[in-house]
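S.K.: Please find one structure pasted underneath; my questions will follow.
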Amino acid sequence: MAATGSEKQGANGVKSFYVSTPIYYVNDAPHLGHAYTTVAGDVLTRWHRQRGEKVWYLTGTDEHGQKIMRTAEANDVTPQAWCDKLVEEAWKPLWEHLNIANDDFIRTTQKRHTDRVQEFVQDLYDKDEIYKGGYEGPYCVGCEEFKLPGDLIEAEDGTKLCPVHKRPVEILKEENYFFKLSAYGPKLLEFYEANPGFIQPESARNEVVNFVKQGLDDLSISRSTFDWGIPVPWDEKHVIYVWIDALLNYATAVGYNENPAKFDETFPANVHLIGKDILRFHAVIWPAMLMAQGLPVPGRVAANGWLMVGGEKMSKSNLTGIKPQDLTSHFGVDAYRWYFLRAIAFGQDGSFSWEDFTARYTSELANDYGNLASRVAAMVGKYFGGELPAATADGDAEKAIHEGLAKAVSVADVKIGEELDFQGGILAIFDFVKQVNGYITEQEPWKVAKDESEEGRARLATILYTAAESLRAVAVLLNPIMPETSQALWESLGAEASLGTLAAQPVQSAATWGQLPAGATVTKGAVLFPRLEDPKKD
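Below is the structure:
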């Protein structure tokens, strides 16, 4: 049985928690769908970093293939010039704008990738896993995928269309090289059975299992009618099929055939985050390629759903692509990072609307979370001159808060860190935020402040310390999702000098009560989530 990413250990006994996004086609600028997957990967890896784990987060761009070549030609530039422009002016700047903390950004035109791809494919050829043959059938340039006739949909005039792009497919007839994928059907089914969590969600797993059970055809791994790709090493009249090229980035980026130590401590990925439209490539073709090479199979392939606008998948080809900057300029980067993971269950399709984003921002971020932070800072300033008091009068109400925090940390750690249920984890954290708001409402510190006795002051101090310490924990828990906001809150609580930077704070300790030191200076900083202006007004 093939080893998985969760089983293999590095040479030093510690394997990096390795997460990847798809490498994105650079035929155009990124839209919300690309950013959705990338933000999810960023949150997941930030969460594991806060656990104190060794992490490797990879993203990048897919720059070969017929689609890129045609786009470059339409813009009257070379394919390489087109890729360089898009990567440097659109893709990398967006990830920086969205605070994506990736460890590497791979481009499939880089020599560190192209040389290793040729070596991988040559090795398969030498092992008699590849043979020469002919292919004739439907091909979608938008997907860069050979389609099965049963996958196509039919237009009113009878034209066969790609089900993803709703555009006519092309009928290709080429002499190609083929990978013996059909031989790996039984091995894949055995692997799926032994590793039921390999494909998520369950609906995606069922789709793949049923697909493989129907029998696999051998896979064309070369193209011979254009030259924008990596040459097949033993026959340079052919270029390597773009998907074989692309899948191998997960190995080449971490040192395949170049840096054995790096490769051993990183590969394979623990989690491949992908869109559901590229599920078969990652859950069928990729593990079969690795099995053929005797390499370990990834721990998990997690397929997120589509972002929908007007009932259609969000994409440039459907004219429904929305730039992330359209939203961040209005809601802010942290709210943007939060919203899609909060509003949509990862793995399911979800619809986006300005109205829903606005409502959730106002209710949960501005009113529940931001207002809580402002109220607590203001009361510490008003009643204790901005100096955090010590808690000396804990009771049942405080015990409930301690227990609520412990539950929130436990649930969020499993939901986000293990199950990739970002929505469930965020809801657990915000349930605790609501609990703290309820605690303040019930305890009425503004009334307790009128009691100037020693007991009254002790009670007021305990209420405000409990609220501030709760916010300290919330800042830690929300840091992977909203890092700028968490840092601002962290600093307003006076935590930095005594507790170190937020990024170094392990998430497990978020539940350890009493980390804010009495005497810390609490300041009321800028509003965490300002009131939204009407986007229709100039």
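At position 358 of the sequence shown (counting the first as 1) the number is 428 in my numbering, and the numbers step up by one without a gap.
Every residue gets a Cβ at the ideal spot worked out from N, C-alpha and C, and that includes glycine.
Computed from a predicted structure; not experimentally measured.
1. So the candidates are V446, A580, R529 and N246; which of them puts its Cα closest to the Cα of V592?
2. Do the region 324 to 335 and the region 283 to 293 meet, that is, are 3 or more Cβ pairs less than 8 Å apart?
3. Can you tell me where the beta strand (DSSP E) holding V503 begins and where it ends?
4. Does the distance from the C-beta atom of A467 to that of Q513 stay below 8 Å?
5. Beta-carbon separation of V403 and N549 under 8 Å?
6. Look at the alpha carbon of K197 and the alpha carbon of D315, and state the distance between them as a whole number of angstroms.
7. In whole angstroms, give me the CA-to-CA distance for L569 and H352.
8. Please classify K469: does DSSP put it in a helix, a strand, or coil?
9. So L541 packs on L559, CB below 8 Å; how close in whole Å?
10. Using a Cβ-Cβ cutoff of less than 8 Å, which residues in the same chain neighbour I471 once the five nearest sequence positions on both sides are dropped?
11. Which whole runs of the beta strand (DSSP E) in the region 163 to 223 are 3 residues long or more, in chain order?
12. Alpha carbon to alpha carbon, how far is A151 from Q284? Give it in angstroms, no decimals.
13. For a test of the three-state rule: what should DSSP assign to S86, helix, strand or coil?
14. By Cβ distance below 7 Å, which residues in the same chain neighbour Y311 in space, the five residues on each side in sequence not counted?
15. Excluding the 5 residues flanking A482 on each side, which residues of the same chain have their C-beta closer than 7 Å to its C-beta?
16. Tell me which same chain residues have a C-beta within less than 6 Å of the C-beta of Q192, skipping the five on either side of it?
17. Taking the alpha-carbon positions, what's the P271 to D419 distance?
18. What's the gap between the Cα of F261 and the Cα of P366?
19. Taking only three categories from DSSP, how would you classify Y311?
20. Three or more C-beta pairs closer than 8 Å, one from the region 120 to 128 and one from the region 86 to 99: is that the case here?
21. Have a look at H167, D98 and A110 and flag the residue whose alpha-carbon is nearest the alpha-carbon of A413.
22. Could you name the residues of the same chain whose beta carbon sits closer than 6 Å to that of E206, not counting the 5 residues immediately before and after it, in chain order?
23. For F492, collect the residues of the same chain with a Cβ closer than 7 Å to its Cβ; drop the 5 residues on either side in sequence, then sort them by chain order.
24. Comparing alpha-carbon positions, which option in I241, A519, R121 and G595 lies nearest V484?
25. Would DSSP call P553 helix, strand or coil?
26. Let me check understanding here. Comparing Cα to Cα, which of E489, R140 and A580 lies closest to F296?
27. Note down the Cα distance separating E240 from T115, rounded to an integer number of angstroms.
28. Run through DSSP, which three-state label would P600 get?
29. Shortest alpha-carbon distance to P208 belongs to which of Y201, I200, K202 and D221?
30. In chain order, what residues of the same chain lie with their CB nearer than 7 Å to the CB of L258, ignoring the 5 residues before and after it?
31. I think L164 touches F422, with their Cβ atoms under 8 Å apart; what is that distance to the nearest whole Å?
32. Could you give the DSSP three-state label for I93: helix, strand or coil?
33. Comparing alpha-carbon positions, which option in E263, N265, P394 and K202 lies nearest N246?
34. Rounded to whole angstroms, how far is the Cβ of A274 from the Cβ of A362, which I believe are closer than 8 Å?
35. Could you check the C-alpha separation between Y195 and R119 for me, to the nearest Å?
36. Please determine, among R237, W376, E166 and E425, the residue with the shortest C-alpha to C-alpha distance to H400.
M.R.: Per the coordinate set shown:
1. As a first step, residue 592 must be located in the sequence shown, where it is residue number 522. Nearest of V446, A580, R529 and N246 to V592, Cα basis: V446.
2. No: fewer than three Cβ pairs fall under 8 Å.
3. Taking the first residue of the sequence shown as 1, we reach residue 503 at position 433. Residue range F492 to Q513 is occupied by the alpha helix (DSSP H) that includes V503, with no beta strand (DSSP E) assigned at that position.
4. Reading the sequence shown from its first residue, position 397 is the one you call residue 467. Reading the sequence shown from its first residue, position 443 is the one you call residue 513. Going by C-beta atoms, A467 is nearer than 8 Å to Q513.
5. Position 333 of the sequence shown, counted from the start, is the residue given in the question as residue 403. Position 479 of the sequence shown, counted from the start, is the residue given in the question as residue 549. When the beta-carbon positions are compared, V403 and N549 stay at least 8 Å from each other.
6. Numbered from its first residue, the sequence shown carries residue 197 at position 127. Numbered from its first residue, the sequence shown carries residue 315 at position 245. Cα-Cα distance, rounded: 19 Å.
7. Walking along the sequence shown from the start, residue 569 turns up at place 499. Walking along the sequence shown from the start, residue 352 turns up at place 282. With a pLDDT of only 48 at L569, under 50, the local geometry of the prediction cannot be trusted, and the value read off the model is given with reservation. So the two alpha carbons sit approximately 42 Å from each other.
8. Taking the sequence shown and counting its residues from 1, one reaches residue 469 at position 399. The answer is helix: DSSP assigns K469 an H, G or I state.
9. Here residue 541 refers to the residue found at position 471 of the sequence shown. Here residue 559 refers to the residue found at position 489 of the sequence shown. With a beta-carbon spacing of about 6 Å, L541 and L559 fall inside the 8 Å limit used to define contacts.
10. Taking the sequence shown and counting its residues from 1, the one referred to as residue 471 is at position 401. Cβ neighbours of I471 beyond the five flanking positions: Q505, V506, Y509, T536 and S540.
11. Fully enclosed beta strand (DSSP E) runs of 3 or longer: 174 to 177 and 200 to 210.
12. In the sequence shown, the residue the question calls residue 284 occupies position 214. In the sequence shown, the residue the question calls residue 151 occupies position 81. Whole-angstrom Cα-Cα distance: 43 Å.
13. Reading the sequence shown from its first residue, position 16 is the one you call residue 86. It is coil, neither helix nor strand.
14. Position 241 of the sequence shown, counted from the start, is the residue given in the question as residue 311. Closer than 7 Å at Cβ, skipping near neighbours: S290, I291, S292 and R293.
15. The residue given as residue 482 occupies position 412 in the sequence shown. Within the same chain, A482 has close Cβ partners G495, A498, I499 and L547.
16. The residue labelled residue 192 in the question sits at position 122 within the sequence shown. P303.
17. For the purposes of this step, residue 271 is taken as the residue at position 201 of the sequence shown. For the purposes of this step, residue 419 is taken as the residue at position 349 of the sequence shown. When rounded, the distance between both Cα atoms is 12 Å.
18. As a working note, residue 261 is residue 191 in the sequence shown. As a working note, residue 366 is residue 296 in the sequence shown. Just so you know, the alpha carbons of F261 and P366 end up roughly 12 Å apart.
19. Locating residue 311 in the sequence shown gives position 241, where the first residue counts as 1. Shown here, Y311 sits in coil according to DSSP, grouped into three states, outside any helix or strand.
20. They touch, by the three-pair rule.
21. Taking the sequence shown and counting its residues from 1, the one referred to as residue 413 is at position 343. With distances taken between Cα atoms, A413 lies closest to A110.
22. Here residue 206 refers to the residue found at position 136 of the sequence shown. Cβ within range, chain order: K243.
23. Numbered from 1 along the sequence shown, position 422 holds the residue referred to as residue 492. Only A110, V113, L411, F416 and I486 meet the Cβ criterion.
24. Locating residue 484 in the sequence shown gives position 414, counting from the first residue. For V484, the nearest C-alpha among the options comes from R121.
25. Reading the sequence shown from its first residue, position 483 is the one you call residue 553. Taken through DSSP and simplified to helix, strand or coil, P553 comes out as helix.
26. To locate residue 296, count along the sequence shown from 1; it is residue 226. Closest by alpha carbon: R140.
27. Here residue 240 refers to the residue found at position 170 when the sequence shown is read from its first residue. Here residue 115 refers to the residue found at position 45 when the sequence shown is read from its first residue. Their Cα atoms are separated by approximately 40 Å.
28. Taking the sequence shown and counting its residues from 1, the one referred to as residue 600 is at position 530. Coil, per DSSP.
29. For the purposes of this step, residue 208 is taken as the residue at position 138 of the sequence shown. Answer by Cα proximity: D221.
30. Here residue 258 refers to the residue found at position 188 of the sequence shown. If we look at L258 and ignore the five residues flanking it on each side, its Cβ neighbours are V282, V354, P357 and A358.
31. On the sequence shown, residue 164 is found 94 positions in, with the first residue counted as 1. On the sequence shown, residue 422 is found 352 positions in, with the first residue counted as 1. That belief does not hold up - the Cβ atoms of L164 and F422 are roughly 17 Å apart, past 8 Å.
32. For this step, residue 93 is matched to residue 23 along the sequence shown. It is a strand residue.
33. Within the sequence shown, numbered from 1, the residue matching residue 246 stands at position 176. When C-alpha distances from N246 are compared across E263, N265, P394 and K202, the shortest belongs to K202.
34. Against the sequence shown, residue 274 aligns to sequence position 204. Against the sequence shown, residue 362 aligns to sequence position 292. Between A274 and A362 the beta-carbon gap is near 23 Å, outside 8 Å, which marks them as no contact.
35. Start at 1 with the first residue of the sequence shown, and residue 195 comes out as number 125. Start at 1 with the first residue of the sequence shown, and residue 119 comes out as number 49. Rounded to the nearest whole angstrom, the CA to CA distance from Y195 to R119 is 40 Å.
36. As a position in the sequence shown, residue 400 is number 330, starting the count at 1. A check of alpha carbon separations from H400 across R237, W376, E166 and E425 identifies E425 as the nearest.
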